[in-house]
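Per the numbering used here, the sequence shown runs over residues 1286 to 1581. One structure is given below, encoded as structure tokens.
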Amino acid sequence: MVHVLRQALLAVSKSERAERVISTSPLTRDVVRRYVADDIGAVIGELTRRGLLVTVDHLGEEVADPAHAEASVREYLSLLDLLPAGADVSVKLTALGLRLSEHLALEHAAAICRAAAVRNVTVTLDAEEHDTIRGLHSVHTALRREHPDVGVVVQAYLPDALERCEKLAGARVRLCKGAYTAPGAYTRPRDIDRSFVRCLKVLMAGTAYPMVATHDPRLVRIASTLAVLSGRDATGFEYQMLYGVRPDEQARLAGLGAQMRVYVPYGDDWYAYLMRRLAERPRNLTFFLRSLLSRH
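Structure (structure tokens):
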């Protein structure tokens, strides 16, 4: 049942008709604010004061022309002025023109990396639809020649996730379950979890810097155990969780001395992001529907 609901939500995330209905409804405001920062500067400041690290994503993807890609770059360059040292920005390459030209996306990503380095801020390349993964890793490999600390996302639901992790020695790697669909991908939760753990073992035992992106209590415990077994201290890896999801657990981990980074999205183009978040955690759909049906 959960799998069916997840697939339905992912399908809705691509529906223009559903987007018009949901995104124009004033009743969505509360649920959007739960998962998407309204005042990004204020949210960053509050999380930082609470001892949490941040990675910030300007929502938007799939640009249609070079002008829109350049606008995305300008938005990220402006965002950097709001970030404290040690922060990270999450960048979707399709927002930088990947579907137009891999070279164009590489040039734009390099410009963001250069500006971020001056501010002691890192950059992580987000994973997207399965047909962009080859381009994602190609751009990441090229960027690392000049910017060795640029990170990349590996999605455990893809069958080649373990192979990807094995090739990312010395890299910053955000490991997540995955929020898209793909031919041949793992769909059963237990298969995705097994893939996640296999990948995590490789990352923890190797020279990569693991960024463990999960809200699953069991996987958090496994990550902590693997870190100890691999001889990593609190600076040798980090946890990442989404803004608005399990904030008490985020505070608990930070209070234990762990590096806990919150993924904070902002911007008006929130629809697809929100639907994917609901697909990842279908039980959040209850909260979403309650917000749509209630005016309180």
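Just so you know, even glycine gets a beta-carbon here, dropped at the ideal spot from N, CA and C.
- Of the candidates Cys1450, Ala1470, Ala1454, the residue whose Cα lies closest to the Cα of Glu1414 is Ala1470.
- Annotation: Gln1525 is outside any alpha helix (DSSP H); the continuous beta strand (DSSP E) that includes it extends over 1523–1527.
- Per the coordinates, the alpha-carbon of Ala1493 lies some 4 Å from the alpha-carbon of Gly1455.
- In summary, Val1513 is exposed, with fewer than 16 beta-carbon neighbours lying within 10 Å of its beta-carbon over all protein chains present.
- Selection Ala1394, Glu1387, Tyr1442, Arg1429 evaluated against Arg1419 yields Glu1387 as nearest (Cα-Cα).
- An exposed status is given to Val1403, since fewer than 16 other beta-carbon atoms sit within 10 Å of its beta-carbon.
- DSSP places Gly1552 in the coil class of the three-state scheme, outside both helix and strand.
- Between the alpha carbons of Lys1462 and Ala1519 lies a gap of roughly 22 Å.
- Per DSSP, the continuous beta strand (DSSP E) segment holding Asp1411 begins and ends at 1407–1411.
- Contact annotation, Ser1480 with Ala1508: C-beta distance approximately 14 Å; criterion of less than 8 Å not satisfied.
- Secondary structure of Ser1386 (DSSP, three-state): coil.
- Taking all protein chains shown into account, Arg1449 has 16 or more neighbouring C-beta atoms within 10 Å of its C-beta and is therefore buried.
- In this structure, Val1406 sits away from Val1547, with a CB-CB distance that is not shorter than 7 Å.
- The C-alpha of Val1341 is placed about 20 Å away from the C-alpha of Glu1392.
- For Arg1506, no beta strand (DSSP E) segment is defined; the enclosing uninterrupted segment is the alpha helix (DSSP H) at 1502–1514.
- Asp1324: not part of any beta strand (DSSP E); DSSP gives it neither H nor E.
- A distance below 7 Å separates the beta carbons of Met1496 and Gln1525.
- Gln1535 sits in a helix when the DSSP states are folded into three classes.
- Distance from the Cα of Pro1444 is smallest, within the candidate group Gly1540, Tyr1558, Cys1484, Gly1382, for Cys1484.
- In this structure, the alpha-carbon of Asp1373 lies about 13 Å from that of Val1438.
- For Gly1436, the enclosing beta strand (DSSP E) stretches over residues 1436–1440.
- For Arg1537, the closest of Val1505, Glu1346, His1432 by C-alpha to C-alpha distance is Val1505.
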